[in-house]
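Colleague: When the letters of the sequence shown are read in order and numbered with mature numbering (1 follows the signal peptide of the UniProt record, and there is no 0), they come out as residues -19 to -1, 1 to 177.
Don't be surprised by glycine CBs; every beta carbon is placed ideally from N, CA and C.
Keep in mind the model is a prediction, meaning the values are calculated, not measured.
Pasting in a structure now, in structure tokens, and then I'll have a few things to ask.
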Amino acid sequence: MPRLLTVLLAFILALPATAQEKPQPWPTKEWATSSPEEQGMSSDRLARLVEFGGSNNMDSLLVTRHGRIVLDATYAPFRAGLKHRINSSTKAVISTLVAMAIRDGKLDSTDRRVLEFFADRTIANLDERKKAITIRHLLDMTSGLEWSEGLDGFRSFIAMERSSDWQQFILDQPMSTAPGTVFYYDSGNSHCCRPS
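Listed below in structure tokens is the structure:
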């Protein structure tokens, strides 16, 4: 998957960027659309990208430029409007929402301790290290929570998905290291940053 992502990013970055910047048509409830050429892109190159996606098990493909959708393709059996897992994209979405909350004054800092937001819950394996976890630790994947994902297998991720309360499952995990000391790829972290 990383190789596929690298190829796609290289392809998109190689597209011509000659169009003059137009004002972004935001905020609205829906995205504006445009032809690729109106945004300085090549329809032929995007068509090749669509073909690439069709032969490489992609589910869908969406390309925006200057705030406008220039390509929106889905591959059977997927279709527009069908709910779909976005997996690791969750991390980028949550990070953006946290930044927006700070910008809008709804969150003062990423240095807030996570358990402040879960004061109504009883947390298992509670110790001083767990009490010290901040939003920043969750976002940069240095929470220190014990977790098995990636090359270590997906034991924790699968158990989280099977649990009835993902946030409780994550918060109940024992600590393996002090927060902020060790990076470990942990999909659970971002789910503790979302509203309950």
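Distance check for Ala82 and Val51, CA to CA, integer angstroms please.
Modeller: Their backbone Cα atoms lie some 29 angstroms apart in a straight line.
Colleague: Who are the Cβ neighbours of Thr162 in its own chain at under 8 angstroms, not counting the five residues just before and after it?
Modeller: Counting only Cβ-Cβ distances below 8 angstroms, and skipping sequence neighbours, we find Thr123 and Gly125.
Colleague: Report back the beta-carbon spacing between Phe138 and Glu130 to the nearest angstrom; my notes put them in contact at under 8 angstroms.
Modeller: Confirmed, Cβ separation roughly 5 angstroms.
Colleague: Quick one: grab the DSSP three-state call for Ser90.
Modeller: Of the three classes helix, strand and coil, the one that applies to Ser90 here is coil, per DSSP.
Colleague: Any contact of the region 41 to 57 with the region 25 to 32, i.e. 3+ C-beta pairs under 8 angstroms?
Modeller: Counting Cβ pairs under 8 angstroms, three or more are found: they touch.
Colleague: Compare the Cα-Cα distances from Ile67 to each of Asp146, Ser168 and Glu18 and report the closest residue.
Modeller: Nearest option by C-alpha distance: Ser168.
Colleague: Classify Met39 as helix, strand or coil using the three-state DSSP reduction.
Modeller: Note: Met39 maps to coil in three-state DSSP.
Colleague: Any contact between the region 71 to 78 and the region 86 to 93? By contact I mean 3 or more CB pairs, one from each, below 8 angstroms.
Modeller: They do not touch, by the three-pair rule.
Colleague: Bridge partners for Thr115 per DSSP, in chain order?
Modeller: Per DSSP, Arg94.
Colleague: Have a look at Leu63 and Glu109 and give me their C-alpha separation to the nearest angstrom.
Modeller: Their Cα atoms are separated by approximately 43 angstroms.
Colleague: Sorted by chain position, which residues of the same chain lie with C-beta nearer than 6 angstroms to Ile104's C-beta, five sequence neighbours on each side aside?
Modeller: Cβ neighbours of Ile104 beyond the five flanking positions: Leu152.
Colleague: How far does the beta strand (DSSP E) with Thr52 in it extend, from its first residue to its last?
Modeller: With the sequence shown as reference, residue 52 is identified as Leu, and Thr is not the correct amino acid for it. Looking at the DSSP string, the run of the beta strand (DSSP E) that includes Leu52 is Arg49 to Thr55.
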